[in-house]
Amino acid sequence: GAVVSQHPSWVICKSGTSVKIECRSLDFQATTMFWYRQFPKQSLMLMATSNEGSKATYEQGVEKDKFLINHASLTLSTLTVTSAHPEDSSFYICSARVGGALFFGEGSRLTVL
Amino acid sequence: AQSVTQLGSHVSVSEGALVLLRCNYSSSVPPYLFWYVQYPNQGLQLLLKYTSAATLVKGINGFEAEFKKSETSFHLTKPSAHMSDAAEYFCAVSGSNDYKLSFGAGTTVTVRA
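Quick mapping for you: the protein sequence lines, in order, are chains B and E. Those letters in the first sequence? Residues 1359 to 1471, by my numbering. Those letters in the second sequence? Residues 353 to 465, by my numbering.
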């Protein structure tokens, strides 16, 4: 099946720094990409919907200036956590849609010290 | 808006026994329904999905689910549990074709030898 790759898988950063997470569709062009956040032992919460060449649509309660999403091509979307703080520590998962199929990345675990 | 409720945060079964995971949905439009499995520190793998075709959906690894509109349910079953089925399972719903998934809280399955 189609592969969605996230990088990095793990990242540890100091409080106040910014971290970029990449989501790539390796063998297909995604019409839409989605970003989710998952706290330990909890479910996934949709953060935003990303379409190539346009601004991301953020879910209610998600700070767009905090979580910057760029979707520069049909195979790449990036999530930048700006001025990260310990409460931003989480597991971030992207998914990519092509037609009637949806594929998830393996996730990126962010730990902010 | 769409939402799902997974009944039971933890299910423990004996190897070889029936696995039954319950999911009820709420949707203002005809729903698309999904079951995903997640292993520790990994992304999500699609088990099966319902997209308004056959109400009994067969998925991977011997899992199947039945869409029951009258009961607003989409329960997941597997006749005989295997040790490798131990994981976290998520039910999710989206509007007909927007693929913006709302996830349930998840059910942890443990399999006893």
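Virtual Cβ for every residue (Gly too), placed ideally from N, Cα, C.
Candidates the options: closest to residue i by CA position
i: B:Cys1452; options: B:Ser1441, B:Gln1400, B:Trp1368, B:Ser1408; result: B:Ser1408
i: E:Ser454; options: B:Ile1379, B:Thr1469, B:Phe1392; result: B:Phe1392
i: B:Phe1461; options: E:Thr459, E:Leu398, E:Ser432; result: E:Leu398
i: B:Pro1444; options: B:Val1362, B:Pro1366, B:Lys1372, B:Ser1367; result: B:Lys1372
i: B:Phe1425; options: B:Thr1415, B:Leu1432, B:Thr1433, B:Leu1434; result: B:Thr1415
i: E:Asn449; options: E:Val365, E:Gly395, E:Ser379; result: E:Ser379
Limits of the beta strand (DSSP E) - the one that residue i falls within
i: B:Ala1454; result: 1448-1456
i: E:Leu396; result: 396-402
i: B:Phe1425; result: 1425-1431
i: B:Val1377; result: 1377-1383
i: B:Met1391; result: 1390-1396
Residue i versus residue j: straight-line alpha-carbon distance, rounded
i: B:Glu1464; j: E:Val381; result: 30 Å
i: E:Ser436; j: B:His1429; result: 36 Å
i: E:Gly411; j: E:Lys430; result: 10 Å
i: E:Leu468; j: E:Gln354; result: The question about residue 468 of chain E has no answer, for chain E in this structure spans 353 to 465.
i: B:Val1369; j: B:Leu1468; result: 5 Å
i: B:Thr1375; j: B:Lys1399; result: 26 Å
i: E:Ala457; j: E:Pro392; result: 16 Å
i: E:Glu440; j: E:Asn413; result: 15 Å
i: B:Leu1432; j: B:Phe1449; result: 23 Å
Spatial neighbours of residue i in its chain, beta-carbon cut-off 8 Å, leaving aside the 5 residues before and after
i: B:Val1456; result: Ala1360, Ser1383, Phe1386, Gln1387, Ala1388, Thr1389
i: E:Leu370; result: Thr429, Lys430, Pro431, Ser432, Ala433
Proximity of residue i and residue j at Cβ, strictly below 8 Å
i: B:Val1420; j: B:Asp1446; result: no
i: E:Ala433; j: E:Val409; result: no
Contacts around residue i, its chain only, beta-carbon distance under 6 Å, and the 5 residues preceding and following it disregarded
i: E:Ser359; result: The question names Ser, but residue 359 of chain E is Leu in the sequence shown. For E:Leu359, where only same-chain residues beyond five positions count, the Cβ hits under 6 Å are Arg374.
i: E:Ser446; result: Tyr384, Lys452, Leu453
i: E:Val356; result: Cys375, Tyr377, Cys443, Val445, Gly456
Other residues of its chain near residue i: CB distance less than 7 Å, five sequence neighbours each side excluded
i: B:Gln1364; result: Ile1379, Glu1380, Cys1381, Cys1452, Gly1463, Glu1464, Gly1465, Ser1466
Can you list, in chain order, the residues of the region 1402-1435 of chain B whose Cβ is nearer than 7 Å to any Cβ on chain D?
Annotation note: the requested chain D is absent from the structure, which comprises protein chains B and E.
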